[in-house]
Structure formats: structure tokens, C-alpha cells
Amino acid sequence: MESPKVTPMVSPLNGFFNATWTYRSDSDFSAAYATYVPLSPTEMDYSKGKTSLVAWVVSNCSARLRNEFVAELMKYIDVHVYGSCSSHYNQTRVCNRGKMSKCLKKYKFYLSFENALCKDYITEKYWDRLGEEDVVPVVLGGADASDYSRVAIPGSYINVWDFKSVKELAEYLKYLDKKPAAYNKYFQWRSYYK
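The letter at position 5 of the sequence shown is residue 391 when you use our numbering, and the numbering goes up by one with no holes.
Structure follows, in C-alpha cells:
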């Protein structure tokens, strides 16, 4: 599933259909990237064994807003960049695709930044990080903060739209790094959803 910015329009079919089936919530048929299911409570210290703070895996180097945001964030906090764009940040970290979970397990946060800011556009960058790595996704996507609140699991992520500045976000991540109880609140959803 791709954003409209990188999906070509199928011109011969214009006007042929009078219904839409997309990721957008205002489509006739909405196909969200994933969904969640309610569960029952458990407790665990998810900060235990974490040795690094922030990771970002990126292969599309041309998403200007996202790149500028990360460059600004790096002024305040250490961000480890993986993927084909890591050299743009003077880093050479490598993690093979099949070993991503193992690489990310040591991090507390993962930058789940979409390559385009489009209404309801939330992809694997968020959903895949809810798995076995036990990282908190820091999200940048959708058209505004409300896109995640409509689609994503409540309490499972940190939305950059909720902060007045990049520096304020960095300070909050540092705060969570020092406060395991506050950090662990981002995993309480696992007691209720799957």
C-alpha cells in the first residue's frame, strides 16, 4: 500500500467505478494497514536490557521533511540510523532485513516516520514495530495527530505532532529513558489489544 504521491492514476478507469477502496477512512471501503484485537492484562519491565535510545531504519532518502526532522532531532539526542540512507547522517550501521528484530531489541524507541504526510496514511513503519522488539514507535505521518488516534492502538506510540518543538520531543524521550515506570506505560496496551 503506497501513498497517493507515489501511486500512479489509472486514467482509463476514471469514471468507471463509483466506489473507492483505499487506506483512507473516508473511502467507501477502508483497508487500514492493520487492526488490533482486545486482550487481558500482564506486567513487565520493557526498559530492562535496553542499551540504546533511538533507532531509525530508512531507505527512501528523498523525503525532505522527515530528513530535516531527524537532522534536528540529532542535535538533542543520539539517533542510530540504519539502511541505505545512513551515510547521509555520517553513519554506517547495517542490519540485514531478516535480522531487523534482533537489531532493534536493544533500542527503547523507533522512529516510525512515513515518507509522505497524507490523510490516514499509516503503514508498516508503525505496525511492524509493535512486535517482538519491544520498542515504542515515535510516529510522524498522516495529515495530523488525529490520524493516529483514529487508527493506531491507544497508548502504543509517541506522536511528534503532540510536541511544540523537536527539542521538546527529545527532552521527553530522555525523560522516559530515565523513568522505567513512565516508559512501560507505552506497553500497557498489550494487556488489552493484540
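Don't be surprised by glycine CBs; every beta carbon is placed ideally from N, CA and C. Because the structure is a prediction, the values reported are computed rather than measured.
Helix, strand or coil: how does DSSP classify residue i here?
| i | result |
| --- | --- |
| ALA568 | helix |
| SER389 | coil |
| SER535 | helix |
| TYR493 | strand |
| TYR507 | coil |
| TYR475 | helix |
| ASP514 | helix |
Under a Cβ-count criterion, where at least 16 other Cβ atoms within 10 Å of its own Cβ denotes burial, should residue i be classed as buried or exposed?
| i | result |
| --- | --- |
| ALA528 | According to the sequence provided, residue 528 is Gly. The question's Ala does not apply to it. By the neighbour-count rule (16 or more Cβ atoms within 10 Å), GLY528 is buried. |
| ASN501 | buried |
| GLU388 | exposed |
| ARG536 | exposed |
| ARG450 | exposed |
For residue i, I'd like the list of residues in its chain whose CB is within less than 7 Å of its CB, leaving aside the five on either flank, ordered along the chain.
| i | result |
| --- | --- |
| LYS505 | ARG410, GLY528, ALA529, ASP533 |
| PRO566 | ASP431, SER433 |
| ALA531 | ASN545, TRP547, ASP548 |
Who pairs with residue i in a beta bridge, going by DSSP?
| i | result |
| --- | --- |
| LEU526 | PHE499 |
| ASN545 | VAL525 |
| TYR386 | The question about residue 386 has no answer here: the residues shown for the chain are numbered 387 through 580. |
Do residue i and the ligand FAD come close, with the Cβ less than 7 Å from some heavy atom?
| i | result |
| --- | --- |
| TYR561 | Because no ligand of any kind appears in the structure shown, any question about the ligand FAD cannot be addressed here. |
Legend entry - Secondary structure, alpha helix (DSSP H): runs of 4+ residues fully inside the stretch 406-470: 450-459
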